[in-house]
Amino acid sequence: TRAAEPVRLSLFSWPGYGFWFIAQDKKLVPDLDLEISVIEDPYESFSLMTSGGLDVTSSTAEYGPIAADKEVPVKMVTYTNPSYGTDKIVLAPGIDSAEDLKGESVAVLVGGLTQIFMGIWLEQNGVDFNDVEYTNLIMDDAVGALVGGNVAAAEFWEPFGSHALDALPKATVAATSSEGDWIETALLGDAMYMSDAFLKERPEAAAKTMDAYFKAVAWWKEHPAEGNKIIAKHLGFPLADVEKVLGKDGKIHKGGIWVFDADQAGRFMGVVPGELPLGLSNGQISQHWETTTDWWLKFGLVDKRHPMEAGVDLSPLKAISAH
Amino acid sequence: MTVSLRDSITNGEAPARPQAPALKRRWLDFGQQLDWRRRLLLGLTGWLLFVFGWYLAAHAGLASERLFPGPVAVMNALVDLFMEQGFLGDVVSSIRRILISFSLAVAIALPLGLLMGAFARIDGLLNPLLGAFRYLPAPAFIPLLLMWLGTGDSQKIALLLIGVVFFLAIMLADVTRQVPASFIETAKTLGGGRRVVLWTVVFRHSLPGYMDTCRQMLAVSWTYLVIAEIVAATDGIGAMMMRAKRFVHVDDIMAGIVTIGLLGLAFDALFRLVYRWRFPYLRGAHQR
Amino acid sequence: MTVSLRDSITNGEAPARPQAPALKRRWLDFGQQLDWRRRLLLGLTGWLLFVFGWYLAAHAGLASERLFPGPVAVMNALVDLFMEQGFLGDVVSSIRRILISFSLAVAIALPLGLLMGAFARIDGLLNPLLGAFRYLPAPAFIPLLLMWLGTGDSQKIALLLIGVVFFLAIMLADVTRQVPASFIETAKTLGGGRRVVLWTVVFRHSLPGYMDTCRQMLAVSWTYLVIAEIVAATDGIGAMMMRAKRFVHVDDIMAGIVTIGLLGLAFDALFRLVYRWRFPYLRGAHQR
Amino acid sequence: MHTASGLIIEGAGKTFRAGGRDPRVALEGVSLQLPPGQVGVLLGPSGCGKSTLLRMVAGLEEPTAGALSLNGRPVTGPGRDRGMVFQSYTSFPWLTVRQNVAYGLKITGDHSSLREGAVEHFIQAVRLQDVADAYPHELSGGMRQRVAIARTLANHPELLLMDEPFGALDPETRWQMQELLLGIVRKERTTVLLVSHDIEEALYLGDVVFFLSSHPGRLREVIRPDFKKDVPAGDREALLDHPEYRRLDMHIRRLMSEEGSTQGQPA
Amino acid sequence: MHTASGLIIEGAGKTFRAGGRDPRVALEGVSLQLPPGQVGVLLGPSGCGKSTLLRMVAGLEEPTAGALSLNGRPVTGPGRDRGMVFQSYTSFPWLTVRQNVAYGLKITGDHSSLREGAVEHFIQAVRLQDVADAYPHELSGGMRQRVAIARTLANHPELLLMDEPFGALDPETRWQMQELLLGIVRKERTTVLLVSHDIEEALYLGDVVFFLSSHPGRLREVIRPDFKKDVPAGDREALLDHPEYRRLDMHIRRLMSEEGSTQGQPA
Ligand SMILES: Nc1ncnc2c1ncn2[C@@H]1O[C@H](COP(=O)(O)OP(=O)(O)OP(=O)(O)O)[C@@H](O)[C@H]1O
Ligand SMILES: Nc1ncnc2c1ncn2[C@@H]1O[C@H](COP(=O)(O)OP(=O)(O)OP(=O)(O)O)[C@@H](O)[C@H]1O
Ligand SMILES: [Mg+2]
Ligand SMILES: [Mg+2]
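Here the protein sequences line up with chains P, C, U, E and Y, keeping their order.
Per this note's numbering, residue 873 is the first one in the first sequence, and the count goes up by one each step.
Per this note's numbering, residue 45 is the first one in the second sequence, and the count goes up by one each step.
Per this note's numbering, residue 45 is the first one in the third sequence, and the count goes up by one each step.
Per this note's numbering, residue 49 is the first one in the fourth sequence, and the count goes up by one each step.
Per this note's numbering, residue 49 is the first one in the fifth sequence, and the count goes up by one each step.
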């Protein structure tokens, strides 16, 4: 038998990325040796991929246009799950509308999807995205800032949203990723990234790696309870926290995320035909690309618009969808 | 004229105040020496006052219990961590990383500090360089370290190392410079060459100072632990705190802080013990 | 018998070796004093060697140019940052934060250190507490600080403060303890009360040591800057480095590191200058 | 002479109890009197407790037995009335000579003395006017010792305590300092208690010499070189030639030798 | 006596040039000889350069003029042949008395001396056998000084240099140490050059006394107390009573007074 081929991948500790551990534990692709690192800062992962020190990472789905514009040799290879309620915009007590936010500071991850979420929500509610002050806070820190009354609104994913609402009973939820446009555009969600070198030099391994991921998702859908336990164990999270995000039944979990299987991912990425539930359309990724690019241009994070091919590489997904 | 003692006393009249009041004792005075019992008592008092203040603050509604738990909640979390969640393994991992990285730091910094402190030219060459290096923010090196050393332990150890090694070198050099010239000259006139003087006098004289400096810098090392273990961490106190942060388990975070503080105190005590044991000649010199 | 000098010289035979060779001079010897010109030269040599080594390493293909840029690329990035991207504003913000936080830290730690160093009972009360506190990882306090102090400058300043204040107190106490008892006793016998002795002797004697300690701890403060400015950052050197990281602009990150290093050196030099100027009595004591 | 006048030490004893080690009896049952305006010299072998006794008088060390009083006031702590000159030239390195001398007056708020030029007076008395603005590290040992003396004298103490004040000076400086001291004592009528190791110094300066024996320190003999009345004041050569001087000198040497032969234990 | 034998100092001078300040001439044109086995004493006012001269002989300070040699070998640096006892009791605090005394032999790899019990011999010679395992901080000043002396002697130097070795000892210890030194010198035929401030000590110990004058330091007079031949060795009282002793004593006192009156500048 051949020695298993090593693939180095990383994730930050978030239940939505935990399927890699199932793939590893259950040896779903035996000829791959998955070396999984927990790297809490995705930018560290991207720079590690630049240097060839890492092949694959899971992170939120906004980095494609940035990588293309800044010539970071990293490609998004598939969208892996939309947020279905885990993300929400929470307004501090006393803030009743977008209008009230003018001139206030709001906590978002600058350069992350949540900043776009906030920007779109503001514009939809008649306030220019530039009329608020964006304060760069990671979730963990945003709770404290909101509770302390130092920001007027914040974007949270679970469990931070609930914690913030617990701590501030008079706070209100202004928007949730499970509603309307938000789920239909699947703006908020996660993705899988691979380094250019990995994609170019080891295309088969890239396809197998992706295959391993989706096999893990499939396995989890079959054995949700055990799967959640594996994820909780490897991330060091209490099971309850994992269930809050992934649900208990392996189905679309309202209030958490909707974990795509290989087929759903293929449709979303436009490599296999067929429609998706919850109002998502086939090939939705192009719209996602354009929306995020629009906003990164608005926020000044990228200098120009790039074609999607510059930041998204569909070959591994095509490869696994072929059979 | 020589008078015997008896004469001189009975000669003068009887002194006016045979029983004068004792020296005013003050609760606070300079240069007081406390025995270990009193020190222990005072130390405990200080800690109790702090814990009490913490308790009051936590229950005064400055923040939700969830975000600012009191001492009891943190104790419970700590117990739970050790009993249920195998925290001991994390603690051991962290201690191991600290010890390895710090040993390496000493192994690098000590020769540098010794040579810099002993020889002005080496100091002139290296001090401006290392002096600037000690300002470097260790976290900024994470990308390079990840690239060169991978995501394993060596990268975390290197980070901890970078965090203290330059400080250590500069401060050990400062200690080395304190060696009185008279010791060096004595050794020279006894026939000691440069190498002999360096080891038997300069190094030997500085040893207690080195230990003290190491004690201080080990504390700095511990403060870097959290940063080091955020990156590519699977175990360790810092990694636990990071995980706890993801789900706002502030009680766990504080339990981590408490653990680090207690470990720090323990290491401090260990250092002091070794110090007393290895340097008996520094004890109880009553000379002013 | 008394003989005049002349006698004694002409009495004995002419000494054998009128012109003996001079004392062996060694390039490296203990206790050498270098003038500032030589120090400057050596310092520059050290730096040049380092930059050259860096250059070689960067171009030896240890890593991609993008992730490990050489000195030229970093210089270019630095020039670009200052010229095109208003980096000066960031630098000024960072310096302001450091100075404010460090002044606060000194304002808190100095009274504590003075009292702890002077009075054994206060030391007994506080040392075990502050001694443990100095192990606390400042980053772990970010959530609480955000909650209490908001996302503005005060939160960053508080973080920088927490990072050094406990170390500072403990180390300033160490300095204070060095005051020789004889100075204190002299002042007492001259009629000085506790307060007078505290200020005119204990504090005054420790002043140079305080400055030295502050110089060392200011360096620690700078290393925390990056951590402080990552949180809710809008400006500052750390925030710039944070932004650069997002785009894997390692040259900018290194430019930030270089900037911090240079600022550090400048502050070091400033401290030394003030030291020489304020403490003329510590200069050039040729007593051994 | 008023009964309660001058320095009175009554049965003073001192036992050191350092943490964990055996208690060490440094002094036992020492009783002595020193009338105002007189110079007392403490003499005795090393470790017999001279410094300890002096420190007890200064109020820096608490007696474990007995009582001390100066001019009727019990000694309860250090005070301006008892100035002390330490063996270890303790001039404050961060003050200039002038500032050092003024220090005691400044901290006790004695503005009248400051105004009346006490500082300059004593700087001149110890002949340091040329270096009044120098820092102590620029001075020789003898000069630094003189700074300490001027600083103490400027404070007008009733009792001047000196612990081997001239021990490390070269002979010429030493003689000068001795003359200086005697001149000042005569002029200011200061009482002086000093520790010396030098027999010539003790006999030359002392109105009364207290010889202590060691292990534990006790007062062994009180020697009064009263013959000095017959010698013209300040005439050192005449003094050294006086037969009584030579007799006392030999006597003290013999005492010292006796004490010396009982020594040899670690201090 | 062989020409190149003993210590020969020829026109030695030393000018200190400290950074930025005026050069200070510490010594100028000092020439002297000390034959093997003799004791030379350097005497002179404070700051006249006695220590500087001694340090030059030890090879610790480079002369800026002239040359020095010991038994024909030029002085080019410190060496085991010239042992030095510093004024500041420098016994290594981290070594016990025994380890201190053995230090020189250990570092020079002199195993034969170590084997032959040189260490115990000299510990006994300075009468420290009872405290051989104590650390220096447990000893009195005099004891520590004896440690330094034993350590230097154990090294068998050809020349023993001592800078005010007995300056801070009490008289009895001082006398004992002087006897000890003379005994050792006679037995080991060591040449000794020592600095003293004490005239009695200088005349008692010295075969030759070099009196230096100050500003700058020059050799002013060479005094040979040859009358000592007439006095039984070690009989101090007889010595002090000798008329020639008293003449030299007065003579030196006068020299000192003359030098003293030219002093008064910051050191
Ligand atoms: N703080 C102390 N703790 C313990 N023992 C002490 C202390 N101070 C002095 N002693 C002991 O008390 C005795 C007397 O000491 P003291 O310094 O008074 O002697 P001394 O007569 O001044 O000696 P010297 O002439 O050497 O100065 C000595 O045995 C000394 O070791
Ligand atoms: N390293 C030095 N730098 C500058 N000047 C020095 C140095 N060492 C000594 N001197 C000066 O040289 C002169 C001689 O000093 P030295 O110490 O040799 O005198 P000394 O005769 O030993 O005095 P004392 O009797 O006080 O010990 C003094 O004026 C002194 O200030
Ligand atoms: Mg004493
Ligand atoms: Mg000298």
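Ideal placement from N, C-alpha and C gives every residue a C-beta, glycine not left out.
All of these numbers come straight from a predicted model, not from anything done at the bench.
Coil, strand or helix - residue i by DSSP
i	result
S161/E	helix
Y183/Y	coil
P122/E	strand
L267/E	strand
I1129/P	strand
G196/C	coil
F884/P	coil
P65/C	Residue placement at P65/C cannot be trusted, given a pLDDT of 49 that sits under 50; the coordinates are not used to answer.
A196/Y	helix
K276/E	helix
A1079/P	helix
A107/C	coil
A875/P	coil
L1173/P	coil
T239/Y	strand
K1120/P	coil
V209/U	helix
N203/Y	coil
Per DSSP, the bridge partner or partners of residue i
i	result
I56/E	Q81/E and S117/E
N953/P	D1062/P
S1067/P	V946/P
K62/E	L75/E
E934/P	Bridge partners of E934/P: none, in fact.
T929/P	S882/P and Y1065/P
heavy atom of ligand 5 below 6 Å from residue i C-beta
i	result
K98/Y	Questions concerning ligand 5 fall outside what the structure shown contains, since the ligands it does hold are ligand 1, ligand 2, ligand 3 and ligand 4.
Cβ-Cβ distance between residue i and residue j below 7 Å
i	j	result
Y147/U	I281/U	In the sequence as displayed, the identity of residue 147/U is Ser instead of Tyr. Not closer than 7 Å, so no.
V1023/P	A970/P	no
G131/E	G107/E	no
Y254/U	P141/E	no
V174/E	A196/E	no
Legend entry - Members of the region 285-297 of chain U near chain P, C-beta cut-off 9 Å: M286, R287, K289, R290, F291, V292, H293 and V294
Inset, instruction - Could you pull out every unbroken alpha helix (DSSP H) segment of at least 4 residues lying fully inside the region 259-307 of chain U, listed in chain order? - result: 281-290
Inset, instruction - Give, in chain order, every residue of the region 93-124 of chain E whose Cβ lies closer than 8 Å to some Cβ of chain Y. - result: P93, S94 and G95
Inset, instruction - Taking a Cβ distance cut-off of 7 Å, strictly less, list which residues of the region 127-156 of chain Y are near chain C, in chain order. - result: G127, R128, R130, G131, M132, F134, S136, T138, F140, P141, W142, Y151, G152, I155 and T156
Legend entry - Chain-ordered residues of the region 72-100 of chain U with a beta carbon less than 9 Å from chain A: Of the protein chains in this structure, namely P, C, U, E and Y, none is chain A.
Inset, instruction - Compile a chain-ordered list of the residues in the region 177-188 of chain Y whose CB is closer than 7 Å to at least one CB of chain C. - result: Y183 and H185
Legend entry - chain E contacts made by the region 227-243 of chain U, where a contact means CB separation under 9 Å: F227, E229, T230, A231, K232, T233, L234, G235, G236, G237, V240 and V241
Inset, instruction - Mind checking the region 998-1014 of chain P against chain U and listing, in chain order, the residues whose C-beta falls within less than 7 Å of any C-beta there? - result: T1007, N1008, L1009, D1012 and D1013
Legend entry - Residues, ordered as in the chain, of the region 1022-1040 of chain P that lie near chain C by beta-carbon distance below 8 Å: P1031, F1032, H1035, D1038 and A1039
Inset, instruction - Taking a Cβ distance cut-off of 9 Å, strictly less, list which residues of the region 198-229 of chain E are near chain Y, in chain order. - result: E212, G215, A216, L217, D218, P219, E220, T221, R222, W223 and Q224
Legend entry - chain P contacts from the region 168-195 of chain C (Cβ-Cβ distance under 8 Å): Cβ proximity to chain P below 8 Å picks out I186, P187, L190, M191, G194 and T195 from the region 168-195 of chain C.
Legend entry - Residues of the region 1062-1073 of chain P whose Cβ lies closer than 9 Å to any Cβ of chain U, in chain order: Those residues of the region 1062-1073 of chain P that come within reach of chain U (Cβ to Cβ, closer than 9 Å) do not exist; the list is empty.
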